[in-house]
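A.B. asks: Would you mind keeping the following structure in view while I ask a few things?
Numbering (the UniProt record's numbering), first residue to last: 1 to 531.
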């Protein structure tokens, strides 16, 4: 068992981590050699073998030096990290300033069976303030628990330190996962207000543990395979799938040229033109791409959220999910800044949605998925049990934009649709007239955007709703709003309309709704700006 002020080193597998990291950096060159027909038998010649062997030895040597010179220790009120063999660097992190502790398992660490620890402070930049790249899973979990406890109780002792070491033997601490902790100096949260059972695929279990005379209530919710597939099939995350396809195509373009004959795609298109018209070909190709993108998005979604589970234990909520890259996110509900409820077109029709959280992290645009697929009527139960203080009642009515605001929702998108239709007609003649269908489609889309928007001010919570393709509802309490912006153009002033956007604490993202009733926006502004 490690003692306070005792110096520690990284895991000895850091040597292999350095070697594999270097190999990972050479992967693009290796793939280029494969695609360009490099003669790999040349690597068996003595000078290639000598060069590669010398490079491996050099990398291992510098990895050893870095491992040898990197030490860290936990003191009564701070963590000290020293590293560097040419230029020595010492970093001191006070427990009271530590904001989040992340235990992660990227690909290389996962292959080696180790983890890396990231420590961040509120004033840090985009990168973590300290990174320990190679720790055993047990030690990483133990340090995470120690730092979280010390952040809430800076005064610590050897006895408390030893108790945390013993706690590392629990399955949670040694789980092969990527963990994120949003820790703050706050008191324990109140007990759960509701013990309601969960339905519709949500499996719930309540357990009681007794430790040193205090009861600790643990509640677990997991997502079964059936619900996981429904969530994947209705997510409609085409953007992620198309971006993945574009990246694969740009990377494997040379490889495709080696496998397929010259002008293969041009020949396929030319032969297909004899069978169907150009317009039908465009429609067929578009549908094929969408179907393939949908199937790919289902696969990516299942890989990401497989094994999804939520655990609430006193003042901690733990989210765990992932098939290839396992993740575990641990945070205090009091660090939640805002709740975002998303509903895709299919999910809205089915009465389901997803719940995301804005939690202060180093990545100001990161949102945590509290639940990927839940009935809208059960969201309030979920919030009561895991994120107390937020309210989203089933069927609650928000104040929508007035009818006179519909023109502002329609005009610019319709102008773009009309311009695109005219351009297609000029370029393709009569066949391009099919693009005129864009006009009613865009009009219907913007009509539903207008119809979905709204604002509601109730007690100390502001609720905003908008639609792009999916409908999003934003819930934020008054103390969590860092900034509020009201914008009105000259035309909006004449129509007595205004646009409203808010920024949550610690986030660079804003959530805004356009063209609301001016009186509704003024009510929100007065509520926010009053002392």
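Note that beta-carbon positions come from the ideal geometry of N, C-alpha and C, so glycine has one too. What you are looking at is a predicted structure, and each value in this text was computed from that prediction instead of being measured.
My assumption, with CB atoms under 8 angstroms, is that residue 401 sits in contact with residue 453. Please give the rounded CB distance.
C.D. replies: Counting from one through the chain shown, the residue named residue 401 turns up at place 401. Counting from one through the chain shown, the residue named residue 453 turns up at place 453. Yes, residue 401 and residue 453 are in contact; Cβ-Cβ is about 5 angstroms, under 8 angstroms.
A.B. asks: Cα separation between residue 220 and residue 308?
C.D. replies: Residue 220 sits at position 220 when you count from the first residue of the chain shown. Residue 308 sits at position 308 when you count from the first residue of the chain shown. Rounded to whole angstroms, residue 220 to residue 308 spans 11 angstroms at the Cα level.
A.B. asks: So the alpha helix (DSSP H) residue 230 belongs to, where does it begin and stop?
C.D. replies: One-based indexing of the chain shown puts residue 230 at position 230. Here the alpha helix (DSSP H) through residue 230 covers 225-235.
A.B. asks: Note down, in chain order, each residue of its chain lying with its Cβ closer than 7 angstroms to the Cβ of residue 518, except the 5 sequence neighbours on either side.
C.D. replies: Position 518 of the chain shown, counted from the start, is the residue given in the question as residue 518. 496, 497, 498.
A.B. asks: Do you know offhand how far residue 132's Cα is from residue 15's?
C.D. replies: Here the question's residue 132 lines up with position 132 in the chain shown. Here the question's residue 15 lines up with position 15 in the chain shown. Near 13 angstroms, if we compare the C-alpha coordinates of residue 15 and residue 132.
A.B. asks: Could you check the C-alpha separation between residue 234 and residue 444 for me, to the nearest Å?
C.D. replies: Position 234 of the chain shown, counted from the start, is the residue given in the question as residue 234. Position 444 of the chain shown, counted from the start, is the residue given in the question as residue 444. Each residue's alpha carbon lies about 21 angstroms from the other.
A.B. asks: Are there three or more Cβ pairs, one per stretch, closer than 8 angstroms when the segment 472-489 is compared with the segment 499-510?
C.D. replies: Cβ pair count under 8 angstroms is three or more, so yes.
A.B. asks: Tell me whether residue 350 sits in a helix, a strand or coil according to DSSP, three-state version.
C.D. replies: Residue 350 sits at position 350 when you count from the first residue of the chain shown. Correct three-state label for residue 350: helix.
A.B. asks: Put residue 332 into one of helix, strand or coil per three-state DSSP.
C.D. replies: Position 332 of the chain shown holds residue 332. Coil at residue 332, not helix or strand.
A.B. asks: Any idea if residue 85 is buried or exposed, counting beta-carbon neighbours within 10 angstroms, 16 or more meaning buried?
C.D. replies: In the chain shown, the residue the question calls residue 85 occupies position 85. Residue 85 comes out exposed.
A.B. asks: Counting Cβ pairs, one atom from each stretch, are 3 or more of them under 8 angstroms apart for the segment 455-462 and the segment 321-333?
C.D. replies: In short, these stretches do not touch, since the Cβ pair count stays below three.
A.B. asks: Kindly identify the DSSP beta-bridge partner or partners of residue 473.
C.D. replies: Here residue 473 refers to the residue found at position 473 when the chain shown is read from its first residue. DSSP output for residue 473 lists 341, 465 as bridge partner(s).
A.B. asks: Please list, in chain order, all residues of the same chain as residue 446 whose beta carbon is under 7 angstroms from its beta carbon, the five residues on each side excluded.
C.D. replies: If you number the chain shown from 1, residue 446 lands on position 446. Once the five neighbours on either side are set aside, the close Cβ partners of residue 446 are 409, 410, 413.
A.B. asks: At 4 residues or longer, and completely inside the segment 372-427: list those alpha helix (DSSP H) runs for me, N to C.
C.D. replies: As far as the segment 372-427 is concerned, its whole alpha helix (DSSP H) runs of at least 4 residues are 379-386.
A.B. asks: Determine the direct distance from the alpha carbon of residue 406 to that of residue 380, and round the result to whole angstroms.
C.D. replies: For this step, residue 380 is matched to residue 380 along the chain shown. For this step, residue 406 is matched to residue 406 along the chain shown. Roughly 31 angstroms between the two C-alpha positions.
A.B. asks: Could you check which residue in 478, 398, 305, 330 has the C-alpha nearest to that of residue 101?
C.D. replies: Reading the chain shown from its first residue, position 101 is the one you call residue 101. The shortest C-alpha separation from residue 101 is found at 330.
A.B. asks: Can you name the start and end residues of the alpha helix (DSSP H) that residue 108 belongs to?
C.D. replies: Numbered from its first residue, the chain shown carries residue 108 at position 108. Looking at the DSSP string, the run of the alpha helix (DSSP H) that includes residue 108 is 107-112.
A.B. asks: At what residues does the alpha helix (DSSP H) containing residue 50 begin and finish?
C.D. replies: In the chain shown, residue 50 corresponds to position 50, counting from 1. Residues 46-69.
A.B. asks: Can you tell me where the alpha helix (DSSP H) holding residue 448 begins and where it ends?
C.D. replies: Locating residue 448 in the chain shown gives position 448, counting from the first residue. Element bounds for residue 448: 438-452.
A.B. asks: Return the first residue and the last residue of the alpha helix (DSSP H) that residue 492 is part of.
C.D. replies: Locating residue 492 in the chain shown gives position 492, where the first residue counts as 1. Residue 492 -> alpha helix (DSSP H) spans 490-494.
A.B. asks: Just to confirm, is the Cβ distance from residue 93 to residue 121 under 9 angstroms?
C.D. replies: In the chain shown, the residue the question calls residue 93 occupies position 93. In the chain shown, the residue the question calls residue 121 occupies position 121. Cβ distance < 9 angstroms, so residue 93 and residue 121 count as in contact.
A.B. asks: Only counting the same chain, and skipping five residues up and downstream in sequence, which positions put a Cβ closer than 6 angstroms to that of residue 91?
C.D. replies: For the purposes of this step, residue 91 is identified with residue 91 of the chain shown, where counting begins at 1. So the list reads 81, 130, once near-sequence residues are dropped.
A.B. asks: Specify, as a first and last residue, the run of the beta strand (DSSP E) that residue 503 falls within.
C.D. replies: For the purposes of this step, residue 503 is taken as residue 503 along the chain shown, with counting starting at 1. 497-504 is the extent of the beta strand (DSSP E) around residue 503.
A.B. asks: Quick one: using the 10 Å Cβ neighbour count with 16 as the cut-off for buried, is residue 96 buried or exposed?
C.D. replies: Within the chain shown, the letter at position 96 stands for residue 96. Exposed: under 16 other Cβ atoms inside 10 Å.
A.B. asks: Rounding to the nearest angstrom, what Cα-Cα distance links residue 335 and residue 312 in this structure?
C.D. replies: Position 335 of the chain shown, counted from the start, is the residue given in the question as residue 335. Position 312 of the chain shown, counted from the start, is the residue given in the question as residue 312. The alpha-carbon atoms of residue 335 and residue 312 are separated by roughly 14 angstroms.
A.B. asks: Pick from 103, 65, 418: whose alpha carbon is nearest that of residue 87?
C.D. replies: Walking along the chain shown from the start, residue 87 turns up at place 87. Of the candidates 103, 65, 418, the one whose C-alpha sits nearest the C-alpha of residue 87 is 65.
A.B. asks: Using DSSP with H/G/I as helix, E/B as strand and the rest coil, what is residue 326?
C.D. replies: Your numbering for residue 326 matches position 326 in the chain shown. Coil.
A.B. asks: Quick check: residue 387 and residue 333, are their CB atoms within less than 9 angstroms of each other?
C.D. replies: Within the chain shown, the letter at position 387 stands for residue 387. Within the chain shown, the letter at position 333 stands for residue 333. The answer is yes: Cβ separation under 9 angstroms.
A.B. asks: So residue 7 and residue 73 are supposed to be a Cβ contact under 8 angstroms. How far apart are they, rounded?
C.D. replies: Taking the chain shown and counting its residues from 1, the one referred to as residue 7 is at position 7. Taking the chain shown and counting its residues from 1, the one referred to as residue 73 is at position 73. Yes, they are in contact, since the Cβ atoms of residue 7 and residue 73 sit about 5 angstroms apart, within 8 angstroms.
A.B. asks: Let's see if you can read the secondary structure: which residues bound the alpha helix (DSSP H) around residue 522?
C.D. replies: Translated into positions along the chain shown, residue 522 becomes position 522. Per DSSP, residue 522 belongs to the alpha helix (DSSP H) from 518-529.
A.B. asks: Do residue 109 and residue 47 have their beta-carbon atoms positioned less than 9 angstroms apart in this structure?
C.D. replies: If you number the chain shown from 1, residue 47 lands on position 47. If you number the chain shown from 1, residue 109 lands on position 109. No; because the gap between Cβ atoms is not below 9 angstroms, this pair is not in contact.
A.B. asks: Taking the C-alpha atoms as reference points, what is the distance between residue 154 and residue 79?
C.D. replies: Along the chain shown, one-based indexing puts residue 154 at 154. Along the chain shown, one-based indexing puts residue 79 at 79. Low per-residue confidence applies at residue 154: pLDDT is 48, beneath 50, and the placement is therefore not dependable, though the value from the model is reported in the following sentence. Distance between the alpha carbons of residue 154 and residue 79: 12 angstroms.
A.B. asks: Is residue 469 near residue 345, with beta carbons less than 9 angstroms apart?
C.D. replies: Along the chain shown, one-based indexing puts residue 469 at 469. Along the chain shown, one-based indexing puts residue 345 at 345. Yes, the Cβ-Cβ distance between residue 469 and residue 345 is below 9 angstroms.
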